[in-house]
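With the first letter of the sequence shown counted as 1, position 56 gets the number 58 in the numbering used here; the numbers rise by one all the way through.
Built from N, CA and C at the ideal position, the CB exists for glycine as well.
Below: one structure, written as structure tokens.
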Amino acid sequence: MKKKTVLDILNMMEKGEKITMLTAYDYVMASILDEAGTDMLLVGDTMGMVVHGNPTTLPVTLEDSIRHTQAVARGANQAMVIGDLPFGTFQVSAEEAVRNAIKLVKKGNAETIKLEGGSERCTAVRGILNAGIPVMGHLGLTPQSIHKFGGFKVQGRTEEAANYLLEESKSLEEAGIFSLVLEAIPWKVAKKITEVLSIPTIGIGAGPYCDGQVLVTYDMLGYFDFNAKFVKRYINLKEHVLKAVQEYNQEVREGKFPDLSYSYD
Ligand code: KIV
């Protein structure tokens, strides 16, 4: 099956086809999301919360990101793989950002990278692009700035804040990003940004008018207890897993599993 590229994603937007993106952190889940036809797999730094159990994404390291991206890349036959630059790997200087983006591609097998932030990241974005790596931006509620925002709070609610987001989006587009994640902002603000930009916007808690949507996979599967208005649970996987594991525990304790049909002669 043909691998999706940045050009395919841009073509989808031009044809008005909605783009799907989900997070993945391991091989098995990546294979399933890929088989289901998901367009882009983001090895998001939400791994710090969902996989590693931290309260924020801040402790994630470049090595974590590389290791998980390697696993996801092995499972992605058609989906495009996006590696996420973790907190502290791109803020200090543009040179460091370029160096770390290259590592994520070279060692992690990422095909594109994502980084959080606005116009203050434009020099880094240009440098990474000069290294031949496509960049996805991320604005709105950027979880790496959680302490600045004072919590997981919707951004862009005032006219001033909405205009600021629009201007930041334009700066990032001008710097050359191929796509922009908009997180937790009012749908009208996301709609306006989507109309103004000529690159695809990918929304998470940003309403229906973005060019594509992303969710944290373990949230939409009901596997992780993260409650936000924008999370639709397509299945309550935790309930199914709990039930299966409780049944296994009981059968082992009662000597019912394994019976001879699960045993070698
Ligand atoms: O790290 C992540 O998973 C993300 C998505 C929530 C967009 O940035």
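Beta-ladder partner(s) of residue i, from DSSP
i	result
K116	D86, M138
E185	G142, I206
T25	L44
G129	None, per the DSSP bridge assignment.
V216	M23
Whether residue i touches residue j by CB criterion (9 Å)
i	j	result
A96	T125	yes
V254	T114	no
L223	Y236	yes
I11	F151	no
V233	V183	no
T48	T25	yes
Nearest neighbour of residue i, chosen from the options [CA to CA]
i	options	result
G214	A164, I237, E16	E16
V30	M51, N13, G77, D47	G77
A32	A133, P202, H70	H70
E118	M42, N132, F228, P88	P88
Proximity test, residue i beta-carbon vs the ligand KIV heavy atom, cut-off 8 Å
i	result
G46	yes
T25	yes
H70	no
T63	no
H140	yes
T59	yes
E185	yes
Rounded distance between the beta-carbons of residue j and residue i, thought under 8 Å
i	j	result
T40	A81	5 Å
G142	A208	7 Å
N111	V83	7 Å
Contact with chain D by residue i, beta-carbon distance below 9 Å
i	result
V137	As a matter of chain content, chain D is missing from the structure shown, which is built from one protein chain.
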